[in-house]
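**Student:** Take a look at the following structure, please.
Protein chains: 2
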Amino acid sequence: MKLDDAAARLEALGNPTRLKIYRSLVRAGAEGMAVGRLQAKLDIAASTLSHHLKSLVVVGLVTQTREGTTLVCHANYPLMRDLLGYMVEECCAEGSCAPVVLPKVA
Amino acid sequence: MKLDDAAARLEALGNPTRLKIYRSLVRAGAEGMAVGRLQAKLDIAASTLSHHLKSLVVVGLVTQTREGTTLVCHANYPLMRDLLGYMVEECCAEGSCAPVVLPKVA
DNA sequence: AAGGTATTTCTAAATTTCTGGAAATACAGT
DNA sequence: ACTGTATTTCCAGAAATTTAGAAATACCTT
Chain A
1289 MKLDDAAARL EALGNPTRLK IYRSLVRAGA EGMAVGRLQA KLDIAASTLS
1339 HHLKSLVVVG LVTQTREGTT LVCHANYPLM RDLLGYMVEE CCAEGSCAPV
1389 VLPKVA
Chain B
1289 MKLDDAAARL EALGNPTRLK IYRSLVRAGA EGMAVGRLQA KLDIAASTLS
1339 HHLKSLVVVG LVTQTREGTT LVCHANYPLM RDLLGYMVEE CCAEGSCAPV
1389 VLPKVA
């Protein structure tokens, strides 16, 4: 991962509302969560949520799949893993925040 | 760590210039790096650098110690560890980005 | 095609961020 | 006290973000 990409992803997560969105999607697990349910849960305007979701989708942290009229959102776990891996590799010193072990996905 | 604090720290790192600053400080290791050297290395205006450093200091990711007229900056490793720990705990699902092992500092 | 639900896009206003020149401050040495 | 180096603060402008109402679009059902 390039530094600029990492920064863009950190920026996407660096907003309380978007971090809540992302966390909700992580907790929703593999089945994900529809935009509408996300909106009810977080109690924000639909257009506002849509903008925030777009920010997360653009940087790849969230993916969306249509199911009829509803759009289901999913946290992109592998990308988060890569991002955390980048942070550990580039922004941690041995013996302080590292060693952080990031095992390969089976 | 609270969600709002995590978001604030991610936002601080979510800017290419600030991420470069932080990475430089990590690589500088325990002795840290003076603001002046950082400025020469990154080739940005002194006032711009000062603003970015302040952002990092405010959220606790960077600490500063005076040595005569020069200000030496240090990456706050334990806080980065906490931040990564938060991300793993709150924003990772078992078996996907987790398991990420964050051993305690000795 | 008509109607209903889900979501996005348009538009806009308030706020914040980013940048850096200029001036001010901090500290050391003479 | 004066000079010089290091850094911050003041100021300002351009650009981007955040928010959300209103209108538009997408899709399903009948």
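Protein chains in written order, with our numbering: chain A, 1289 to 1394; chain B, 1289 to 1394. Cβ coordinates follow ideal geometry from the N, Cα and C atoms, glycine included. Because the structure is a prediction, the values reported are computed rather than measured.
(1) At the 8 angstroms Cβ level, is A:V1376 part of the contact set with chain B, yes or no?
(2) Counting only C-beta atoms, is A:D1292 closer than 8 angstroms to chain B at any point?
(3) What span of residues does the alpha helix (DSSP H) with A:T1357 cover, start to end?
(4) Entirely within the segment 1291–1322 of chain A and at least 4 residues each: give me those alpha helix (DSSP H) ranges in chain order.
(5) Would you say B:M1368 lies against chain A (beta-carbon separation less than 8 angstroms)?
(6) Is the beta carbon of A:L1367 sitting closer than 8 angstroms to the one on A:L1349?
(7) Can you name the start and end residues of the alpha helix (DSSP H) that B:M1368 belongs to?
(8) State the Cα-Cα distance for the pair A:L1313 and A:L1326, rounded to the nearest angstrom.
(9) Name the DSSP beta bridge partners of B:T1351, please?
(10) How would you write the range of the alpha helix (DSSP H) that A:A1334 sits in, first residue to last?
(11) With 16 other CB atoms within 10 Å as the buried threshold, where does A:R1354 fall?
(12) Residues in its own chain within less than 8 angstroms of A:R1306 by CB, not counting five upstream and five downstream?
(13) Leaving out five residues on either side along the sequence, give the residues of the same chain with a beta carbon under 6 angstroms from the beta carbon of A:L1372.
(14) Cutting at 7 angstroms between CB atoms, please list the residues of its own chain near B:K1308, excluding the five before and the five after it.
(15) List, in chain order, every chain B residue whose beta-carbon is nearer than 7 angstroms to that of A:G1320.
**Tutor:** Working from what's here:
(1) For the purposes of this step, residue 1376 of chain A is taken as residue 88 along the first sequence, with counting starting at 1. A:V1376 counts as touching chain B.
(2) Taking the first sequence and counting its residues from 1, the one referred to as residue 1292 of chain A is at position 4. For A:D1292, the nearest CB of chain B lies under 8 angstroms from its own CB, placing it at the interface with that chain.
(3) Stepping through the first sequence from its first residue, residue 1357 of chain A is reached at position 69. Taken as a continuous stretch (DSSP letters only), A:T1357 belongs to no alpha helix (DSSP H), as it is neither H nor E.
(4) Every unbroken stretch of the alpha helix (DSSP H) spanning 4 or more residues and falling wholly within the segment 1291–1322 of chain A is given here in chain order: 1291–1301 and 1304–1316.
(5) Here the question's residue 1368 of chain B lines up with position 80 in the second sequence. Put simply, the CB of B:M1368 is near chain A, with a gap under 8 angstroms to one of its CB atoms.
(6) By one-based count along the first sequence, residue 1367 of chain A stands at place 79. By one-based count along the first sequence, residue 1349 of chain A stands at place 61. Yes, the Cβ-Cβ distance between A:L1367 and A:L1349 is below 8 angstroms.
(7) Taking the first residue of the second sequence as position 1, residue 1368 of chain B is located at position 80. From DSSP, the alpha helix (DSSP H) with B:M1368 extends over Y1365 to C1379.
(8) In the first sequence, residue 1313 of chain A corresponds to position 25, counting from 1. In the first sequence, residue 1326 of chain A corresponds to position 38, counting from 1. A:L1313 and A:L1326 have their C-alpha atoms roughly 9 angstroms apart.
(9) Counting from 1 along the second sequence, the entry for residue 1351 of chain B is found at position 63. B:T1351 pairs with B:H1362.
(10) For the purposes of this step, residue 1334 of chain A is taken as residue 46 along the first sequence, with counting starting at 1. Note, A:A1334: alpha helix (DSSP H), A1334 to V1346.
(11) Within the first sequence, the letter at position 66 stands for residue 1354 of chain A. So A:R1354 ends up on the exposed side.
(12) Walking along the first sequence from the start, residue 1306 of chain A turns up at place 18. The beta carbon of A:R1306 sits closer than 8 angstroms to the beta carbons of A1300, H1340, S1343 and L1344 from its chain, once the five residues preceding and following it are set aside; these are given in chain order.
(13) Here residue 1372 of chain A is taken as the residue at index 84 of the first sequence, counted from 1. The beta carbon of A:L1372 lies closer than 6 angstroms to none in the same chain, with the five residues before and after it left out.
(14) Counting from 1 along the second sequence, the entry for residue 1308 of chain B is found at position 20. Excluding positions up to five away in sequence, the list reads L1330.
(15) Looking up residue 1320 of chain A in the first sequence gives position 32. Residues of chain B passing the Cβ test: none, with the nearest at roughly 11 angstroms.
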